[in-house]
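Note that numbering that gives the first Met the number 0 gives residue 27 to position 28 of the sequence shown, counting from 1, and the numbers run on in steps of one.
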Amino acid sequence: MQLLHRFEDSFNVYFTGIDDGDARDLVMRGVIEKELTAYTGREVRLATLHQVHSGIVHVIGTGGAKWVEVELADGDGLVSSAKDVGLGILVADCAPVALSSPEGIFSAVHAGWQGVLKGVLPEAVRAMRLAGASRISAYVGPSVKSECYEFKGPELREISKELGASVVGRTSWDTVSLNLLESVKQSLIMAGVSQIEASDACTACGEYFSYRARKSEERHLMVIVPVGGTG
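Next up, the structure:
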């Protein structure tokens, strides 16, 4: 697992690579929790979801609440303020999105086209703000890029109607595509998030597991964890 991004708000974002193997196996064996504990110097528990391409966001461990077990709960977003929790999202082309705030509220979101259309990102932002977040920063991890993501039909028209024409792109073989990263950015901007950084890596044509390009059954894990005095 490698460090992918550092937020100024004392959060780190980590990402598993192909050499790590299927992240689902790592999660089941507790490997990720051990690594996060070593990185932060304190015991960290990992929260994950049964991802269903939805707009469902779970809030855990905020406002002094005790830990609530959400592993394998249906949903595609997690929000917390607990410093002993890492929030994890599994991906193999969809966009993994990490959100942080100066107040120590943070989130991990699984953002495929269906989740974006169903409003999972603004729902995560809304949940963070209700928990006390003010300024929210975002980082988008590796995902399938427009050049490799042929996409057409009524769903593309619906997404472009909702988020604007900039989400429609072209593949490298000159067919209509979805710019998933632009869709994520526009959804975040509409939700009031203006500070957005993103990886330029494409899972389809890079050295990543990709369901779309290679029908990969394996998954990467993105996890955001507090590393400072927040929480």
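No residue lacks a Cβ here, since even glycine has one placed at the ideal position from N, Cα and C.
Return the Cβ separation of residue i and residue j in integer angstroms, given the expectation that the two are a contact with Cβ distance under 8 angstroms.
| i | j | result |
| --- | --- | --- |
| I55 | L116 | Contact flag wrong, Cβ pair sits at about 14 angstroms. |
| A107 | A97 | 6 angstroms |
| S142 | C93 | 6 angstroms |
| V139 | S198 | 7 angstroms |
| E25 | L180 | With the sequence shown as reference, residue 25 is identified as Leu, and Glu is not the correct amino acid for it. With 8 angstroms as the limit, L25 and L180 do not qualify as a contact, their Cβ atoms being about 26 angstroms apart. |
| Q185 | S165 | 7 angstroms |
Got a sec? Which residues, its chain only, sit under 7 angstroms from residue i by beta carbon, not counting five neighbours each side?
| i | result |
| --- | --- |
| A190 | L120, P121 and V124 |
| G63 | For G63, the predicted structure reports a pLDDT of 43, less than 50, and the residue's modelled location is therefore unreliable. A value from the coordinates is still provided. None. |
CB residue i to CB residue j, shorter than 7 angstroms?
| i | j | result |
| --- | --- | --- |
| D21 | V51 | no |
| Y148 | S182 | no |
| A126 | V58 | yes |
| E146 | T170 | yes |
| E206 | I17 | yes |
| A46 | L77 | yes |
| G269 | S80 | One cannot answer for residue 269 here, as it falls past the ends of the chain, which runs 0 to 230. |
Cutting at 8 angstroms between CB atoms, please list the residues of its own chain near residue i, excluding the five before and the five after it.
| i | result |
| --- | --- |
| R44 | E32, W66, D83, V84 and G85 |
Need the endpoints of the beta strand (DSSP E) that residue i sits in, please.
| i | result |
| --- | --- |
| S80 | Here S80 belongs to no beta strand (DSSP E), and DSSP marks it neither H nor E. |
| Y13 | F10 to F14 |
| R134 | Run containing R134: none; DSSP gives neither H nor E here. |
Looking only at its own chain, which residues have a Cβ that is under 6 angstroms from the Cβ of residue i, when we skip the five neighbours before and after it?
| i | result |
| --- | --- |
| F10 | S99, F105, I223 and P225 |
| A212 | A203 |
| Q194 | S136 |
| G168 | S145, S176 and N178 |
I'd like the span of the alpha helix (DSSP H) that includes residue i, first residue to last.
| i | result |
| --- | --- |
| S186 | L179 to M189 |
Uninterrupted alpha helix (DSSP H) stretches inside the stretch 191-219 (no shorter than 4 residues):
210-213
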